[in-house]
Amino acid sequence: EQWYLRRGREAVVSTQSTGVLEKRDDIEEEVQRDIYISMVRLWVMRCENEVYNINSELPILEHMEKMRNGEVAPLKPPKVKAMKPFILVKSEQQKRVFGAGYPSLPTMTLDEYYDKELKRIVDEQNNSEKPGPEPEDPDEETEESLAKARAWDEYRDTHKRGWGNRHNRS
Numbered sequence: 024e025q026w027y028l029r030r031g032r033e034a035v036v037s038t039q040s041t042g043v044l045e046k047r048d049d050i051e052e053e054v055q056r057d058i059y060i061s062m063v064r065l066w067v068m069r070c071e072n073e074v075y076n077i078n079s080e081l082p083i084l085e086h087m088e089k090m091r092n093g094e095v096a097p098l099k100p101p102k103v104k105a106m107k108p109f110i111l112v113k114s115e116q117q118k119r120v121f122g123a124g125y126p127s128l129p130t131m132t133l134d135e136y137y138d139k140e141l142k143r144i145v146d147e148q149n150n151s152e153k154p155g156p157e158p159e160d161p162d163e164e165t166e167e168s169l170a171k172a173r174a175w176d177e178y179r180d181t182h183k184r185g186w187g188n189r190h191n192r193s
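Numbering (our numbering), first residue to last: 24 to 193.
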């Protein structure tokens, strides 16, 4: 708290003195004396700040010296029991969707995967052997295809190539 107050006073004094020193030629003696006094106060505040910093560092340096001489053993961090990693999920549904995270755990063994693939392949082969409905001849014209072709022909007659949206180009 004191540090903040000192820094605030130091900032106020420094802005006052620097702003006035720029216009130095036409200043009266009394004003100039006040400027110099405020500059001295600024440097006194800075010196007090440095003395405070030095005094706060002294105990640390003394402790380091004692550690070098072997008078005091360095502090060792306490041993922390290792925790198992865990995954946080918002809901059971999210856990089912996203799994255990990266790297994800396997969901089936290699034998289970092999059996599943083998079953899928056998099913595909059985389905392909069954005769299905014969596909229609693509060259055969139906009423629908004729109507569609005529409608397209009429459209092409009324809409020549390049007559569409020209994106404001003339």
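Even for Gly, the Cβ is constructed at its ideal location relative to N, Cα and C.
Q) Buried or exposed: which applies to Val145, given that a residue is buried once 16 or more other Cβ atoms fall within 10 Å of its Cβ? A) exposed
* Which residue comes first and which comes last in the alpha helix (DSSP H) that contains Ile50? -> First-last for Ile50: undefined, no H or E at that position.
On the CB-based measure, 16 or more other CB atoms within 10 Å of its CB, does Leu65 come out buried or exposed? buried
Worksheet item: Start and end of the alpha helix (DSSP H) containing Glu166?
Response: Glu166 to Thr181
How is Lys142 classed by DSSP in three states: helix, strand or coil?
helix
Q. Rounded C-beta distance between Val36 and Met87? I'm assuming under 8 Å.
A. Not really, about 35 Å apart at Cβ, beyond 8 Å.
Q.
Using 9 Å as the threshold, is the C-beta distance between Glu33 and Asn78 below it?
A. no
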